[in-house]
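According to the working numbering, the residues represented by the sequence shown are 20 to 1011, in order. Yeah, the Cβ is synthetic: ideal placement off N, Cα and C, and Gly gets one too. Since this is a predicted model, take the numbers as computed values, not measurements. A short write-up of the structure that comes next.
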Amino acid sequence: MEGIKLYFKRLEVVSFGKWKDETIELNEGFNYLYGPNESGKSSIRMFITYVLFGLSPKDRERYMSIFDGQLGGRLIIAAEDDDYVIERFQHRDRGKRVGYFKGEKLSEEEVQKLLQNVDHYLFESIFSFQDRDLYAIRHKQTEDIGKVLFNLGLTGSDYVLELEQELAKESGKLFKKQGRKPPINEKLIQLKSINEEIEKVHERERNHQALYQEAKHLEQDIAKLKEQDLDLHNRINQAQMLFQAKSSIEQVQRLDQEMSELLSHSNLTEDVIERYDEVKEKRQEYDERARVLMSKISSVKEQRNRLMEQSKSGHFPFSLEEVNQWTVEVEQKLQQKQELVSNVELKQSQLLSYLQTANIQLTEEEIRHLELSKYTKETWSRLAKDVHANSEKLSELERRKRIKLEELKELEHKQVNVEKQMQSSLGSEAYTDELEQLKQKQASFRAQQQMQSHTNKQKSQLQRFKQMLFWLKWGVVSFSGIAIGLVLSEVVPVIDFSWSFAIAAIGLFIFILLHRQMGKVDHDLNQLKTDQLKIEDYDDVEKRINGLEKLKAEESRHHEQLKESQMRIDYLNGEIREVEAERLNFEQQLEADEQKRVFETEQLPLLEAFELEQWEEVFQLLTEAQASIQRIDQYKHELDQIQQSIDQLDDQLKRFLSYYVSEDELNHADTYLQLVRHYLKHEQNVKEQIKHQHSWANELEGQLQELKEANTPYEKELQNMLSETNIQNEETLGQAVEDFETYQEKDEMRQEAIKAVQSIDKGQADSILKQSYNWIEIETKLSQDRSNKEEVLNQLDEKRQHLADCSANIRQLEEDGKLSDLIHEKSMIEGEIMTLAKEWAIYQTAKGLLQDTKARYQYEYLPKILAHTSKLFSEITNGAYQDVQFSKDESLIAQHRDGKWFDVRQLSEGTADQLYIALRLALNESLSDAQGFPFVLDDAFVHFDESRRQQMMKILLKQTKKQQLIYFACEPDQFKSKVHTISLANGQPIMM
20 MEGIKLYFKR LEVVSFGKWK DETIELNEGF NYLYGPNESG KSSIRMFITY
70 VLFGLSPKDR ERYMSIFDGQ LGGRLIIAAE DDDYVIERFQ HRDRGKRVGY
120 FKGEKLSEEE VQKLLQNVDH YLFESIFSFQ DRDLYAIRHK QTEDIGKVLF
170 NLGLTGSDYV LELEQELAKE SGKLFKKQGR KPPINEKLIQ LKSINEEIEK
220 VHERERNHQA LYQEAKHLEQ DIAKLKEQDL DLHNRINQAQ MLFQAKSSIE
270 QVQRLDQEMS ELLSHSNLTE DVIERYDEVK EKRQEYDERA RVLMSKISSV
320 KEQRNRLMEQ SKSGHFPFSL EEVNQWTVEV EQKLQQKQEL VSNVELKQSQ
370 LLSYLQTANI QLTEEEIRHL ELSKYTKETW SRLAKDVHAN SEKLSELERR
420 KRIKLEELKE LEHKQVNVEK QMQSSLGSEA YTDELEQLKQ KQASFRAQQQ
470 MQSHTNKQKS QLQRFKQMLF WLKWGVVSFS GIAIGLVLSE VVPVIDFSWS
520 FAIAAIGLFI FILLHRQMGK VDHDLNQLKT DQLKIEDYDD VEKRINGLEK
570 LKAEESRHHE QLKESQMRID YLNGEIREVE AERLNFEQQL EADEQKRVFE
620 TEQLPLLEAF ELEQWEEVFQ LLTEAQASIQ RIDQYKHELD QIQQSIDQLD
670 DQLKRFLSYY VSEDELNHAD TYLQLVRHYL KHEQNVKEQI KHQHSWANEL
720 EGQLQELKEA NTPYEKELQN MLSETNIQNE ETLGQAVEDF ETYQEKDEMR
770 QEAIKAVQSI DKGQADSILK QSYNWIEIET KLSQDRSNKE EVLNQLDEKR
820 QHLADCSANI RQLEEDGKLS DLIHEKSMIE GEIMTLAKEW AIYQTAKGLL
870 QDTKARYQYE YLPKILAHTS KLFSEITNGA YQDVQFSKDE SLIAQHRDGK
920 WFDVRQLSEG TADQLYIALR LALNESLSDA QGFPFVLDDA FVHFDESRRQ
970 QMMKILLKQT KKQQLIYFAC EPDQFKSKVH TISLANGQPI MM
């Protein structure tokens, strides 16, 4: 499988259509999925499309899961030996696809890069093919088939053709060369008509245009004169402002010249002068402080040398800190020795008190050799606990046995009483038959009662109906009588008295009907009259049944009591036997415990004097006694070690004292530690004084150094100032400072003059001061500009008057409004034509760009596709057609083996289908070389005969060497070669 860059490794369908929680494994070659109609093939193909590119809302609704109403799943994609996961769930991430690599989420750009930038349109038009694509081609018009195939060769779909036709249609709606109906044609006709009307009235109003042009020229002349007037006005104002600032300008220019001559050192500023004064003051302060510090340093060094001569620490082979440490250690060791002696005496006294209190007659040596361990303690404790626990359990078992025997005796007595009661009652067979007969009689009575209740309900309903009829009957009579009375008394105006007879007739008719209905109701009531149910014996039957049922329940209760009593008696006998067995067991355990106690007393006769419960306490006393003895021995060993340390430290301290006292004085001293402390303190005091003097000297030297460092920047600053001002020495710098002060005074005068100029024209003050002026020439130009301005104003008034006369003449010619109306209408139509023409130009431009693009692709992109199409078409038709080319009218032509060329419209339907498939496969292969994207086919060759279908499958098998193929079909495959086959026939994928 060399060359395959990307393939679908596994489909995990979570919820999609009829599929739920299914996994389909795919290989990187030919994957053949088959199953009958409605087996879910199209759902799997749409699932791939949904996960990768999404579906429209209508399609999502169509493929919503029938199990849980959800939609989603994931694809495992293999690319460059790595596995990627792309998933899409409608209820997650707002239905967007999400990619993962090794558990890390990928960005949308990374997912698009993984898919080789294949989008939904490219996938459907290039890498997906199904039988309905052939159906769409077959149902195109004959003259369009060639163009459709041409556009398929360009983009894989006929969308370009449809777009081109739509653009031509829309531009044709706007304008046609020979048409009259399109909007632009209609507007052009209207424009021609208006131009003719304008020409007719133009002779009568010919002067209108001339006047209009003259007015236009006058307006232009007026505008030019206004500009000249404005320019003259600005020049006059500027000259007047210069004359106002003349004295200030001359003063500034004179001061500039004087200041440039005065300031010979251009780098000398006020800042330099201030820095120089500051440096001079700091240098004087430094000299005074340095003399004081050097005097102090000399005095401190002399004092330090005298102290160093007094100290003997320089001759020691050890340090004062070591001597001080030895002194402290000796005192600590003596204190420890005293504490240990006290501890030994205290422990011996406590041990003797323990032994006397516990009445233990053992010597210290005997206690030291006793073998007491944790095991001994546990043995004594366990033996005491076992004896105590077994004694208590034995007492508890005897108590339980006594209680059980009393309960058994009570149950046996109760059982005898129940048996006596049962013997005195009747037998069960005597009243069982009687009870059954009475229950049958009771059921018969209840059935009669139900029938009687139904009959009474019917009678009640009929009586209510009868009463309603009675009131209706007499109500009709009353209403008729009242109506007739109103008519006869003329309260109600009527035309004829026949109305009274009609009311009487209607009332009589209704009265007769209601009367007959009441008769039928009486008849039904008579039929429902029956004899009342005789229930005199019913109460006796009920009472007898209740009595018999109570007797039966009483007998059943006695049986249950006997059964329960017997079970309880058997249970108690079993418990008594178990208690007795446990009691014997605990007696044996007590005997074994007694043997253990005797063995322990033989090992340690001391225990005979104590109860078993006291053995653990005796063990604790003996253990504490042994611990006390061990502690005493440890104290004695520590005393020996401390004494050795004290002897060694004494020798070191005597060596220290030998530098100050003689050996005889040392031997006669009461305590040498006091002498050590005295001389040690003396040496430490001297050392501290030397250290203090040394520290003070260092501090003073540091202050002197800091003073020097603090003064260094000022010395550098002075050198920098001389360098900046290019002055050789400090005296020359002082003279330069005096010149600078004079310069500042003149600069203040200059600034005042500049402010005067700025008050006249602040924005142009700098440029005014930099220029030199010929004031006589400026005055002459000012006078000339004023004269020119007056002349321009006179010309402007004349032009305005002439323009007013022209405008009056134009308004007079346009009073009837016909010409202006025609001109307005013409401009409106021209505007509409421009708008429509722009729209038409857009469509024509888009159409031209589309045609240019098609032409460029036709010469650059299609030759390779056509070459591969010719090869595939020849294989599919078994060599019947050798070559495929595009014609000039954007159609496909095919060359037969006999050399004749046929337009696609001349081919049979089956051959045209083969040509279309060859074109699609060639387009797929050309893009798959760059993209490496899988190819999906859905029942693509279902209408082919068997030979053509086998030929297509062979071509596809060759393609699988470079590209993964997923083929959906209705029938199982008949391939002899190895194909990954998956059956969908049973509603779930099965690998074959």
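Unbroken beta strand (DSSP E) stretches of 3 residues or longer found wholly inside the region 96 to 133: 101 to 108, 116 to 120, 123 to 125, given in chain order.
Looking at the backbone, the Cα of asparagine 592 and that of glutamine 645 are separated by about 57 Å.
In this chain, the beta strand (DSSP E) harbouring aspartate 902 covers 900 to 905.
Secondary structure note for leucine 975: its alpha helix (DSSP H) is the uninterrupted segment 965 to 978. Residue state for glycine 526 is assigned as helix, using DSSP reduced to three classes.
Out of Gln270, Ala242, Lys206, the CA that lies nearest to the CA of arginine 769 is found in Gln270.
When the Cα atoms are used, leucine 737 and phenylalanine 262 turn out to be separated by approximately 49 Å. The alpha carbon of isoleucine 292 has as its nearest neighbour, out of Pro953, Leu741, Glu635, the alpha carbon of Leu741. DSSP places glycine 566 within a helical segment (H, G or I) once states are collapsed to three. One thing to note: valine 598 has its Cβ within 8 Å of the Cβ of leucine 416. Each of Ile797, Glu990, Glu851 was checked against the Cα of isoleucine 255, and the nearest Cα belongs to Ile797.
Histidine 962 sits in coil when the DSSP states are folded into three classes, being neither helix nor strand. Shortest Cα-Cα distance from methionine 278 to any of Phe759, Lys774, Trp794, Gln814 involves Phe759.
Spanning the alpha carbons of aspartate 275 and aspartate 290 requires a straight line of approximately 21 Å. For threonine 1000, the enclosing beta strand (DSSP E) has its first and last residue at 999 to 1002. Taken through DSSP and simplified to helix, strand or coil, histidine 656 comes out as helix. As DSSP reads the structure, leucine 676 sits in no beta bridge. Around the beta carbon of aspartate 612, 16 or more other beta carbons sit within 10 angstroms, so the residue counts as buried.
Here the region 961 to 979 does not lie against the region 916 to 924, with fewer than 3 beta-carbon pairs under 8 Å apart. Exclusion of the five residues before and after arginine 387 leaves Ile648 as the residues of its chain whose Cβ lies within less than 6 Å of its Cβ. The way I'd put it, the region 998 to 1010 doesn't touch the region 76 to 85; fewer than three beta-carbon pairs between them come closer than 8 Å.
Rounded to whole angstroms, the Cβ separation of tryptophan 859 and isoleucine 203 is 6 Å, and the two are in contact under 8 Å. Residue burial annotation: methionine 1010 is exposed, with fewer than 16 other C-beta atoms found within 10 angstroms of its C-beta. Between glutamate 44 and arginine 64 the beta-carbon gap is near 17 Å, outside 8 Å, which marks them as no contact. Distance from the CA of serine 190 to the CA of serine 846, rounded to the nearest whole angstrom, comes to 24 Å. According to the DSSP assignment, lysine 28 belongs to the beta strand (DSSP E) that extends over 25 to 35. Along the length of the region 348 to 419, whole alpha helix (DSSP H) runs at least 4 residues long occupy 383 to 387, reported in chain order. In the DSSP assignment, leucine 45 falls outside any alpha helix (DSSP H) and carries neither an H nor an E.
When Cβ pairs closer than 8 Å are counted between the two stretches, the region 571 to 580 is seen not to touch the region 387 to 401, the count staying below three. Out of Lys37, Phe35, Phe960, the CA that lies nearest to the CA of aspartate 932 is found in Phe960.
Histidine 915 is bridged by DSSP to Tyr900.
Here aspartate 902 is actually not in contact with glutamine 149; their C-beta atoms are around 28 Å apart, not less than 8 Å. Within the same chain, no residue comes within 8 Å of glycine 721 by CB-CB distance, once the 5 residues on both sides are set aside. In the structure shown, aspartate 670 adopts helical secondary structure according to DSSP, grouped into three states.
Distances from the alpha-carbon of tyrosine 792 to those of Ser479, Gly500, Lys265 put Lys265 closest. For the 8 Å CB-CB criterion, phenylalanine 638 and lysine 396 form a contact.
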